[in-house]
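Chemist:
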Amino acid sequence: MVKKRLIPCLDVTKGRVVKGVRFVELRDIGDPVEMATLYSEYGADELVFLDITATVFGHDPIVELVERAAVELEIPFTVGGGVSTLEHARRLLRLGADKVAVNRAAVERPELLTELAEEFGSQAVVCAIDSKKVGPGAGEVVTHGARRPRGLDTVEWACEVVSRGAGEIMLTSIDADGTREGYDLEITGLVCEAVTVPVIASGGAGTVKHLAEAFEVGAEAALVASIVHEAPERIPDIKRELEEAGWPIRI
Amino acid sequence: MKIVLVDYGAGNLRSVCSALERAGAKAIVSPEPQAVREADLAVIAGVGHLAACAEGLEREGLAQALRERVEGARPLLGICVGLQMLFEQSEEGGIGLGFFRGPVVRLQARRVPHMGWNTLSVRGKPRIMEGLDGEDVYFAHSFTARPIEELPGAEVDHGGPVVAAVERGALAGVQFHPERSGKAGARLLKNVIAWSRSA
């Protein structure tokens, strides 16, 4: 049986990992590939590098990061944030990223997902969806750091991106993000039920219990940030606890 | 020992290259049929659609070099789509090299792609899988080979048994990504190097 995954997310800007709450008060916390290697040694199952600066295609430090990560890491990694065009995504994949995560670019031009899937296979195409709660069991897709509502129902959009070629969904609840009070289980459960691809729950993880709750509603993987950045050495304990709770976990 | 990663235009091969280096071997990436003929071990890796990969191999004259290797029982390893290309007709279009008998079909499971770490069950006594029974390795694929004959190798469970590895003589393939499978992946590559030295 395929194992549930613990995926640390590293926010990267200008080639460094930064930490901040809702994009303010960014603090430099380290070199992305060094941190990723450490997390991998502690047992992270996969990694996400999210470029949180609006990068301009042509010259961006994320390219150098991908080149290094591709040769140094022994676990898979996804690159996202500011992936705006087919050329940009293609370049990251050709440099050795295992997957690219596309968010706003997919909203603006959904064909991008199909083009990427045709060239690299669906397994390399993650669609990141930021969702804002607009009512009971209802989410609306937002972009631009949650400032722009897009008039798309989250569950419907999730189904569409899968039909267009996305092989995985990274679903972030904007309301839960940064709170450490747990994932938005309602929208996560609805999306997991509606689609056939794996779903990565994102936004709000504060405790091991939160991760188990996300698996309970159908998520295949849990994205974590603060809880591992503060104490990477806790990763083995977190995974052990999940395993003891009965989840299939790689130890 | 000379290892050649067959470059047929299917994306990045450097990750596999550096994983082989970590496992103690030097590998080069080459699009030349002659280099593929001469190498002690040839590796076909790659992602995406079998049809595009198969086309790339035929166009560059690489498929012929690979056929000659197999006829001469010289070691050949397929990774991911590379394993699928060792088989025959694919449901997503395209025809593989046909070194193993059986089609490539879409996975039938609640979640496709099959994405993440899964536990190997070794079948028979494949040399490349030594020490790997019960180990977790990383998968990322939507299609799978369905061998007609029973082959030594390994399986995982994802909505039923899924081929994870096959081996027959000097010909082998793995569906998972050894270059992204931590210590278990490194062990596989070490096994492959030892196997290809004596296969």
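In order, the protein sequences belong to chains A and B. With the numbering used here applied, the first sequence corresponds to residues 55 to 305, in that order. With the numbering used here applied, the second sequence corresponds to residues 1374 to 1572, in that order. Think of the CB as a built atom: it goes at the ideal place given N, C-alpha and C, for glycine as much as any other residue.
Could you run through the segment 123-143 of chain A and flag, in chain order, every residue whose CB is less than 7 Å away from some CB of chain B?
Modeler: 124, 125, 128, 129, 130
Chemist: Could you tell me whether the Cβ of residue 1460/B comes closer than 9 Å to any Cβ of chain A?
Modeler: no
Chemist: Please report how far the alpha carbon of residue 1433/B lies from the alpha carbon of residue 69/A, in whole angstroms.
Modeler: 38 Å
Chemist: For residue 128/A, which residues in the same chain have their Cβ closer than 8 Å to its Cβ, ignoring the five residues on either side in sequence?
Modeler: 94
Chemist: Near residue 1477/B, what residues of its chain come up, given a Cβ to Cβ distance below 8 Å and the 5 sequence neighbours on each side ignored?
Modeler: 1423, 1457, 1460, 1461, 1462, 1463, 1464, 1465, 1469, 1516, 1517, 1518, 1519
Chemist: Is residue 1573/B close to chain A, meaning its C-beta is less than 9 Å from at least one C-beta of that chain?
Modeler: For chain B, the structure presents residues 1374 to 1572; residue 1573/B sits outside this window and is missing.
Chemist: Let me know the secondary structure DSSP gives residue 144/A once reduced to three states.
Modeler: helix
Chemist: Which residues, taken in chain order from the segment 1392-1415 of chain B, show a beta carbon closer than 7 Å to some beta carbon of chain A?
Modeler: Cβ contacts with chain A come from no residue of the segment 1392-1415 of chain B.
Chemist: Helix, strand or coil: how does DSSP classify residue 89/A here?
Modeler: Assigned with DSSP and collapsed to three states, residue 89/A falls in helix.
Chemist: Against chain B, does residue 56/A count as a neighbour if the rule is that its beta carbon must be under 9 Å from one of theirs?
Modeler: Chain B contact via Cβ: present.
Chemist: Note down, in chain order, every chain B residue with its Cβ under 7 Å from the Cβ of residue 226/A.
Modeler: Within 7 Å Cβ-Cβ: nothing; residue 226/A doesn't reach chain B, min ~18 Å.
Chemist: Which runs of the beta strand (DSSP E), 3 residues or longer, sit entirely within the segment 1383-1432 of chain B?
Modeler: Segments of the beta strand (DSSP E) lying fully in the segment 1383-1432 of chain B: 1400-1403, 1414-1417.
Chemist: Measure how close the beta-carbons of residue 180/A and residue 150/A come, nearest whole angstrom, since I'm counting them as under 8 Å.
Modeler: Their Cβ separation, rounded to whole angstroms, is 16 Å, which puts residue 180/A and residue 150/A out of contact at 8 Å.
Chemist: Which same chain residues, not among the five before or five after residue 335/A, have their C-beta less than 7 Å away from its C-beta?
Modeler: Here chain A comprises residues numbered 55 to 305, so residue 335/A is not present and cannot be evaluated.
Chemist: Could one say the Cβ of residue 1379/B lies closer than 9 Å to chain A's Cβ atoms, at least one of them?
Modeler: no
Chemist: For residue 1475/B, list the residues DSSP reports as bridge partners.
Modeler: DSSP, once it has assigned bridges, lists no residue as partnering residue 1475/B.
Chemist: Taking DSSP as the reference, what is the three-state secondary structure of residue 110/A?
Modeler: Since pLDDT at residue 110/A reaches only 49, below the 50 mark, its modelled position is unreliable, and the value read off the structure follows with that caveat. Residue state, collapsed to three classes: coil.
Chemist: Could you check which residue in 1453/B, 1436/B, 1385/B, 1408/B has the C-alpha nearest to that of residue 1558/B?
Modeler: 1453/B
Chemist: Comparing the C-beta of residue 1429/B with each C-beta of chain A, is any distance below 9 Å?
Modeler: no
Chemist: Counting C-beta neighbours from all protein chains within 10 Å, is the total for residue 109/A 16 or more, i.e. buried, or is it exposed?
Modeler: Any answer about residue 109/A is weak, because its pLDDT of 49 lies below 50 and its placement is not dependable; what the coordinates show is given next. The residue in question, residue 109/A, is buried, as its Cβ has 16 or more Cβ neighbours within 10 Å.
Chemist: Are the beta-carbon atoms of residue 216/A and residue 249/A separated by less than 9 Å?
Modeler: yes
Chemist: Does any residue of chain B have a CB that is nearer than 9 Å to the CB of residue 277/A?
Modeler: Not an interface residue.
Chemist: Whole angstroms is fine: what's the gap from residue 1568/B's alpha carbon to residue 211/A's?
Modeler: 48 Å
Chemist: Give the secondary structure of residue 1514/B by DSSP, where H, G and I count as helix, E and B as strand, and everything else as coil.
Modeler: Three-state result, residue 1514/B: strand.
Chemist: Less than 9 Å between the C-beta atoms of residue 1397/B and residue 1556/B, yes or no?
Modeler: no
Chemist: To the nearest angstrom, how far is it from the Cα of residue 221/A to the Cα of residue 1374/B?
Modeler: 38 Å
Chemist: Using a Cβ-Cβ distance cut-off of 9 Å, determine whether residue 1564/B contacts chain A.
Modeler: Chain A, which has no Cβ nearer than 9 Å to the Cβ of residue 1564/B, makes this no.
Chemist: Go to residue 131/A, then tell me how far its beta strand (DSSP E) extends in each direction, as first and last residue.
Modeler: 131-134
Chemist: Return the first residue and the last residue of the beta strand (DSSP E) that residue 1452/B is part of.
Modeler: Here the beta strand (DSSP E) through residue 1452/B covers 1449-1452.
Chemist: Given a cut-off of 9 Å on the beta-carbon distance, is the pair residue 196/A and residue 190/A in contact?
Modeler: no
Chemist: State buried or exposed for residue 1534/B, treating a residue as buried only when at least 16 other CB atoms are found within 10 Å of its CB.
Modeler: exposed
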